[in-house]
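Here is the structure we will look at.
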Amino acid sequence: MSRKKKLLSRLAIPSIFLLCFLTSCGLFEMPTEPGSVLYQDDFSRSGSGWDRYQDEVYFSDYFEGVYRINVFEPNTDAWANPRLEFGDVRINVEATKHDGPDDNLFGIICRYQDPRNFYFFLISSDGYTGIGVSKDGRRVLASADSMLPSDAVLRGAATNHLRAECIGYDLRLYVNNSLVAQAYGAEWERGDVGLIVGTYQEPGADIYFDNFSIVRP
């Protein structure tokens, strides 16, 4: 579908976030064994370090034992980060559409440098998937010319298990244990991680995230 070629064009990010990222992001000491859990969060504690923000554009905060991102404006994306730093990782999260249109976007961020530079791994509630890069604020898909449909995605108000792999130059997205997209990314070797939600023409994408974890490949 041609509409899935469009990437989100409007950023929703609080000004305080960039200051926090630049001043408090540091190298995180981690175990070296393959399969080691580097980081995990079930969002049961509201003080675990993720962004907490709300305005007329979006809500991004802990909410009743999950992490919730709700985007109130059309053609807008919003994300949250724990302000850490990792190299090669496998990132897992459970993502549930709580409300809003099926024509949405949500997923995982890796190797986040700043609000203009990062990789993103996306699915939609109507069954599309893709991997992309934001480079100096210009966002393009890297896995294909457009987001592609996948039977691995559970449609509608469902919970999907997402896994994003950032290993060397290889970027992979798995949905419910099925590989759905691959891409090549040589821009950055390290960076923060995150969660992202976006809208197209219809606002109101409301996604719950739970059981976030990062594993060393």
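Residue numbers for the sequence shown follow our numbering, so the first one is 99 and each next one is one higher. Using N, Cα and C, we set each Cβ at its ideal position, and we do this for glycine too.
Chain-order list of residues whose beta-carbon lies under 7 Å from that of residue i (same chain, five-residue window excluded)
i      : result
SER113 : Confidence is the limiting factor: at SER113 the pLDDT is only 34, short of 50, which leaves the residue's position unreliable, though a coordinate-based value still follows. Excluding sequence neighbours, SER113 sits near nothing in its chain.
GLY61  : In the structure displayed, the chain extends from 99 to 315; residue 61 sits before or after that span and is not available.
VAL251 : ILE221, GLY225, THR227, ASN258 and VAL273
TRP177 : ILE207, GLY292, LEU293 and ILE294
PRO301 : VAL169, PHE170, GLU171 and PRO172
ARG72  : This structure cannot settle anything about residue 72, because the visible part of the chain is limited to 99 through 315.
From the options, residue whose alpha carbon lies closest to that of residue i
i      : options                           : result
GLY289 : ASP175, TYR156 and ASP186         : ASP186
HIS196 : ALA176, ASN309, GLN152 and TYR165 : TYR165
SER276 : GLU285, ALA262 and TRP286         : ALA262
PHE322 : GLY133, ASN274, LEU246 and PHE219 : Because the chain is modelled from 99 through 315, residue 322 falls outside the range shown and cannot be assessed.
GLY296 : ASP212, TYR160, SER223 and SER142 : SER223
ARG172 : ASN179, PRO199 and ARG150         : According to the sequence shown, residue 172 is Pro rather than Arg. Closest by alpha carbon: PRO199.
ASP370 : SER134, VAL169 and TYR226         : Given that the chain is displayed from residue 99 to residue 315, the structure contains no residue 370 and the question cannot be resolved.
PRO213 : ASN309, GLY302 and LEU293         : LEU293
ILE221 : ASN215, TYR272 and LYS233         : TYR272
ALA284 : GLY230, ASP249 and SER142         : GLY230
ASP243 : GLN280, ASP268, ASP234 and ASP249 : GLN280
Residue range of the beta strand (DSSP E) that includes residue i
i      : result
ASP212 : 202 to 212
ARG261 : 257 to 265
Proximal residues to residue i (C-beta, below 6 Å), its chain only, five neighbours per side dropped
i      : result
THR194 : THR257 and TYR306
GLN138 : SER311
TYR298 : ASP201
GLY147 : PRO180
ASP304 : ASN168, HIS196, ASP197 and GLY198
Nonlocal neighbours in the same chain, by C-beta distance under 8 Å from residue i, ignoring five residues either side
i      : result
PRO132 : ARG314 and PRO315
*Touch check for the segment 199 to 210 and the segment 173 to 185: three-plus C-beta pairs under 8 Å?*
Yes, since at least three Cβ pairs between the segment 199 to 210 and the segment 173 to 185 fall closer than 8 Å, the two stretches touch.
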